[in-house]
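**Student:** From first to last, the protein sequence lines stand for chains U and S. Be aware that the first sequence starts at 1, since it is given in my numbering, and climbs by one per residue. Be aware that the second sequence starts at 244, since it is given in my numbering, and climbs by one per residue.
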Amino acid sequence: MTTTPFLTSPLEACWTRLGATIVEAGHGWRVPDSFAGHDAEMRIARRAVVIGDDTPRGKFRLQGDGAQQQASDAIGVAVTGTGVVCEARVADREDADRILQVEGVLLRPDLCHVGCEMDGQTQVLEVLTQSVGDSDTTVTDVTHGRFELRVVGPAAPVLLSKVCGLDVDSRAFPSGTAMQTSVAKTAQLVIRSDLGELPAYRLVGGRALGAYVWDTLMEAGQELGVEPIGAQGLGMLTETTKP
Amino acid sequence: MKGRRIEARPGQVVDRAEPLSFQFDGRSYTGYAGDTIASALTAAGVGILSRSFKYHRPRGLLCGAGHCPNCLVQIGDEPSVRSCTRPLEQGMDIRSQNAWPSLDNDLMQLTESVSRFLPVGFYYKIFHRPRFLWPAFEHLLRNAAGLGVIDPQTPEGSYDKQYLHADVVVVGGGPAGLSAAVAAADHGSRVLLIDENADVGGHLRFDRPDETVTERIAQCRKALDQAGATILTRTSVVGWYQDHWLSAVRGNRLYKIRAGAVVVASGAFEAPPIFAGNDRPGVLLASAAQRLLHLHGVIPGQRGVIVTASDAGWAVAVDLIEAGVDIVAIADERPEPGPPEQHETLTTAGVVIHQGYTISAARGARGVDEVDLVPVDGTAAKQTIRCDFVALSTSWIPSAELATMAGARSHYDETLAEMTLEDLPEGIFLAGRVAGPCTAEQEWIQGSAAGTAAAAGGPSHDSTTGTTPIPRSSQIVVSPGSAGDKRFVCFCEDVTDTDIETAVAEGYDRIELLKRYSTVGMGPCQGRMCGLNSIRLCAQNTGQSVQETGRTTGRPPVTPVSLGALAGQKMEPVQLSAIHDWHVGHEARLMVAGPWMRPEHYGTPEDEVRAVREAAGLIDVSPLGKLKLTGPGVATLLERLYVNPWKDLRRGRVRYGIMCNDEGIILDDGVCARISDHEWYVSTTSTGASGAVEWMEWWRQSGWGDGVHITDMTETHAAFNLAGPLSRQILQPLTSRDLSHGKFPYMRARRAKVAGVPCLLLRIGFTGELGYEIHCPAGYARYLWETLIEAGIPHGLLPFGVEAQRVLRLEKGHFIVGQDTDALTDPLAADAPWAVRLDKDEDFLGRRALTRISEEGPRQRLVGFRTRRRADALVEGLQVVRPADRGAPEIIGWISSCRYSPTLQETIGLCWLPTELAEQQDTPFHIHVEGQLELAHVHHGPFYDPQGERLRS
């Protein structure tokens, strides 16, 4: 009998079909380590567009009149106007040398999205819960209920323009902004989070639609040379494009 | 010169180093890369490209610009391809359409010989009687009508859509469009330039091109590239919608474009004059001749006549002479001579110049053999001239469709003999020939002004202000003395000037009525060739002015769009459970259930039912709606939304609830668990989840949800139902929570770790057996499901699907919202009065209606039934009838569910019956099955375990 709980992304069958090497990341999540090798994947990311699965990232919702203030208090950065991504760097209490990246987005005056790296989920949930305290605000961990895709590369805006009616160009939707919109006829939170010069988007949507959205993007991106990118390539890409 | 192909010159787009072979109607031809199909066929001497719609007259190249229907061909399974704009490809198999048995000898051309019996609107007048013959007529007409052939077996093509956004969209890449785009880009605007041709440059590419012009176009292109502007060629803007929302088509892709401002620089196109035989192959527009000559290096014929009303025709004549064509005559309807330089060139070349003349007829066996030129004032005799083609340059129509769709008003300018535009709406700017006649240099200037104004967000204006109009279009409606053959107004629908005259005489004297009756302007060109001519003819026949006659309303699409492009990439969102891959891997037969894909069964539903009744079964119920409600006001909100009471529900307990609207109609049902004082976990039906969430949220935000927060956890939590007498034995080893009945009784909720996964357990039983609904974080679903299966297999556990669940719940007599209920079902009629608490303290949705129904009693009731008939013959939806002594039986109810019960070994079901029949147990009634009456008997309560002992075990 299987004894160690593992966690799966809704996209596992999609990456398996594409020949992913699957590894177990922290906290039991199974992730696609690589598809065509991280070097090749990074080259495509710099030249065309890649899609990566980042579902294991922590995702939380704060709901209530005090959500904006409490999210700001918890992550240490003011979560300002609707659609603005407020990024914070929080010291990892498990590892003093490590800094956790956390972002907060005000979705509406009483609803806030907080996202964080996979390793920081427990800590972020705790600080959010502490910040909320006995107030009327509700904190919900929706990590399991949402997929998260990364779409990275110079052709990423063109790819999104084939499935999303909003203007995703840098001038209208610069890095550090977010919007709730329809992508491939599904409701999603789209966060623009460029990797250096590379246009990059996070798509956060309902878990049950994850495979559909992945397949739709892969089909729409065929003409642009879209390829999947594994966790290793995505991580290295993020590291190498840090300022 | 070799045949009709002249030597290579700068500006030509054909690459003679790359020959392409292709077939047309089974015969082999060769063209070059850069050719269009029509240019390659013209170069090969093919004059007849198609047959006309009604009379099957031979038709050849006319406009060369993708406007008219004359060159429509079929390529493979794609009908009605405009061969004058479709690039030639190696190995193309091109076929003519609308001709039988062949293009050259089309038997259907006999229709012309009976044309006197097929007047305008003939299909409104004949074929209607005798009525019994209509099917035969219909068959005949359907076979005769239409262009091209659609193959239903065509494999699905690749189509898609793209959204584009720009501060300034420039429609048209001619001099005005290019300069507008450059000016707007210089202003810092995000610019999108769209042109329907293969390259930008507009008429400058083929209208006497020279190196200076070519260089100027290249500089514009470079400037736009540097500014990051987007240029789309071979793209047609087909519609304008509110707030500058444009649609455009390029091949199989539909663009949806949001523009800040639109510069319409779409130019103008030539339209043919009306004279006898004006549709013969060999009669073409002068601009088509120029395209052939300057872009493809092809001449339209060897011996030609030019007919014009402006200097434009003189330039074409000079171009053709320089290309080695024998131009025998030019007829200019103006009394004054053309430009002196060109006049001298033509005179030197021996061209006979007819001032004040126009064409009255073209004749020939298969094309043009001779034409008649007549004086426009009728003061002299006609001149008959032998030739093999005639190029026409008499009328220009501004390509103003987008501007009129946007709200600009058309005005007929009697001097120009053209429609002009007035009252431009905000954000629409005109530049170039679309705004009126002007020189090429004026087009550059106007474009720049329009681009600057559009980028600056200035008021809309007509950029032609201050330019000098140059009259170019003919004032003649129908050529004088024109006789001996049909005079076509509409080439698409074969409508003649006589047809227009007849239609007006019959009372269709308004342009919109005339269009619908005669079908003028309703063909593939959508009035581009015939629009103005039909208006002028209508005006002539009614005695009104053209301005008074008005024009028909322009609507999208401007040019034909394939249905595939409108549909785009297939995007049908489908929701998959967290363990969908497991289902697929275990040969589940999948079914669509609302937005979800669910396993219907894994092989044999009957075995799955038996497993649940005798051992255990496990079903994936993740699609169930799952809501987390928090806040002090949850109980009150639920009291108002459900017919059940909630305030008395204690922590850790679960209750079934029914949600109704204010008319007492059932909207949804499910169970609600009170997790803590201020936290509840509510489930809804699978297919009704999103509706239920919206309903709750709406009432919450309307003021009923005092401090309540609703979080949809449907996709966050997976849910499985472990059901069967052995389910406790299977589950207990996986959790430290005591599952004994005493510690965890029926209708209770408990948090527990199952195989190390944090879960919420609900002890409920839709199947009628001891059962646990296990809710866990969706990421763990695969692990937990596999663990449960592995633990259950030694006990005889089987996974079961929706079909087995339907049987199991039917054996218990449970209804399914949406299947057994409809938009008129209330809970009292649905045999669930026990759930309705009319006396609870809180008012609730549906109370007033349910109170009335309770007092009056429902007229119909949902009850169970048994029958000896095989279940597979009893389709859900069958009628329950009352037999009549004479005539058809009376319909008194219907079957909502019916299945064979492997447990009871009989057919059971649920049905709607009149209350008087439903009240009595075992009352017989009849089901109407394929013309037979099948006997059934009313059954009250659950069919299986009526006391519910197994649930509570």
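Beta carbons are placed, not taken as given, at the ideal position from N, Cα and C, and that holds for glycine.
Can you list the residues of chain U that residue 404 of chain S reaches, using a CB-CB cut of under 8 Å?
**Tutor:** Within 8 Å of the CB of residue 404 of chain S, the CB atoms of chain U belong to 162, in sequence order along the chain.
**Student:** Hey, how far is the Cα of residue 90 of chain U from the Cα of residue 130 of chain U?
**Tutor:** 15 Å
**Student:** Can you give, in chain order, each stretch of the beta strand (DSSP E) that sits fully within the segment 769-846 of chain S and has at least 3 residues?
**Tutor:** 832-836 and 839-844
**Student:** Measuring straight from C-alpha to C-alpha, what distance separates residue 618 of chain S and residue 266 of chain S?
**Tutor:** 44 Å
**Student:** Quick one, are the C-beta atoms of residue 611 of chain S and residue 525 of chain S less than 8 Å apart?
**Tutor:** yes
**Student:** Within the same chain, show all residues whose beta-carbon is closer than 6 Å to that of residue 758 of chain S, passing over the 5 residues directly before and after it, in chain order.
**Tutor:** 764 and 795
**Student:** Got a sec: is the Cβ-Cβ distance from residue 136 of chain U to anything in chain B below 8 Å?
**Tutor:** Protein chains in the displayed structure are U and S, and chain B is not among them.
**Student:** Please list, in chain order, the chain U residues whose beta carbon lies closer than 9 Å to that of residue 812 of chain S.
**Tutor:** 162, 163, 184, 216, 219 and 220
**Student:** With 16 as the cutoff for other CB atoms within 10 Å, does residue 1118 of chain S come out buried or exposed?
**Tutor:** Residue 1118 of chain S comes out exposed.
**Student:** So, under 8 Å CB-CB, residue 268 of chain S and residue 356 of chain S are touching, yes? Tell me the CB distance rounded to an integer number of Å.
**Tutor:** The pair is not a contact, with the Cβ atoms about 24 Å apart (cut-off 8 Å).
**Student:** Name the chain S residues that come within less than 9 Å of residue 6 of chain U, Cβ to Cβ?
**Tutor:** Against chain S, the beta carbon of residue 6 of chain U has neighbours under 9 Å at 1022, 1023, 1025 and 1026, listed in chain order.
**Student:** Let me confirm a value: residue 397 of chain S is counted as buried when at least 16 other C-beta atoms fall within 10 Å, else exposed. Which label applies?
**Tutor:** exposed
**Student:** Taking the C-alpha atoms as reference points, what is the distance between residue 870 of chain S and residue 922 of chain S?
**Tutor:** 10 Å
**Student:** Given that residue 47 of chain U touches chain S, what residues does it touch there, using C-beta distances under 8 Å?
**Tutor:** Those do not exist, as residue 47 of chain U stays about 19 Å from chain S at its closest Cβ, beyond 8 Å.
**Student:** Can you give the Cα-Cα distance for residue 34 of chain U and residue 822 of chain S, rounded to whole angstroms?
**Tutor:** 23 Å
**Student:** So which residues on chain S does residue 169 of chain U lean against when the C-beta distance must stay under 7 Å?
**Tutor:** 408
**Student:** From this set, S/1046, S/388, S/737 and S/1012, which residue's C-alpha is nearest residue 832 of chain S's C-alpha?
**Tutor:** S/1046
**Student:** Quick one: is residue 386 of chain S buried, meaning 16 or more other Cβ sit within 10 Å of its Cβ, or exposed?
**Tutor:** A residue is called buried once 16 or more other Cβ atoms fall within 10 Å of its Cβ, and residue 386 of chain S, having fewer, is exposed.
**Student:** Excluding five sequence neighbours on each side, which residues of the same chain lie with their C-beta closer than 7 Å to the C-beta of residue 11 of chain U?
**Tutor:** 53, 55, 147, 210, 211 and 214
**Student:** For chain S, is any of its Cβ atoms less than 8 Å away from the one on residue 13 of chain U?
**Tutor:** yes
**Student:** Can you give the Cα-Cα distance for residue 246 of chain S and residue 564 of chain S, rounded to whole angstroms?
**Tutor:** 16 Å
**Student:** Just the chain S side, please: which residues come within less than 9 Å of residue 128 of chain U by C-beta, in chain order?
**Tutor:** Ordered by position in chain S, no residue passes the 9 Å Cβ test against residue 128 of chain U, which lies about 14 Å from the chain.
**Student:** Have a look at residue 816 of chain S and residue 836 of chain S and give me their C-alpha separation to the nearest angstrom.
**Tutor:** Going from the Cα of residue 816 of chain S to the Cα of residue 836 of chain S covers about 13 Å.
**Student:** For residue 1127 of chain S, which three-state DSSP category applies?
**Tutor:** coil
**Student:** Since residue 663 of chain S is in the beta strand (DSSP E), which residue starts that stretch and which ends it?
**Tutor:** 661-665
**Student:** Which same chain residues end up closer than 7 Å to residue 251 of chain S when comparing Cβ atoms and leaving out the 5 residues on each side of it in sequence?
**Tutor:** 259 and 540
**Student:** In chain order, what residues of the same chain have a beta carbon less than 7 Å from the beta carbon of residue 38 of chain U, not counting five sequence neighbours either side?
**Tutor:** 230, 232, 233 and 236
**Student:** Cβ closer than 9 Å: which chain U residues qualify as neighbours of residue 1045 of chain S?
**Tutor:** Residues of chain U passing the Cβ test: none, with the nearest at roughly 16 Å.
**Student:** Closer than 8 Å, CB to CB, is residue 212 of chain U near chain S or not?
**Tutor:** Judged by the 8 Å Cβ criterion, residue 212 of chain U is in contact with chain S.
**Student:** Distance cutoff 8 Å, beta carbons only. Does residue 816 of chain S sit that close to anything in chain U?
**Tutor:** Residue 816 of chain S counts as touching chain U.
**Student:** Residue 399 of chain S CB to nearest chain U CB: under 8 Å?
**Tutor:** no
**Student:** Applying the criterion that 16 or more other CB atoms from any shown protein chain within 10 Å of the CB defines a buried residue, is residue 452 of chain S buried or exposed?
**Tutor:** buried
**Student:** Which of the three DSSP states, helix, strand or coil, is assigned to residue 235 of chain U?
**Tutor:** Residue 235 of chain U: helix per DSSP, three-state reduction.
**Student:** Within its chain, find whatever has a CB closer than 7 Å to the CB of residue 36 of chain U; leave out the 5 residues flanking it on each side and keep chain order.
**Tutor:** If we look at residue 36 of chain U and ignore the five residues flanking it on each side, its Cβ neighbours are 227.
**Student:** Apart from the five residues on each side of it in sequence, which residues of its chain come closer than 6 Å, Cβ to Cβ, to residue 800 of chain S?
**Tutor:** 481 and 482
**Student:** How about residue 1091 of chain S: is its C-beta nearer than 8 Å to some C-beta of chain U?
**Tutor:** At least 8 Å separates the CB of residue 1091 of chain S from every CB of chain U.
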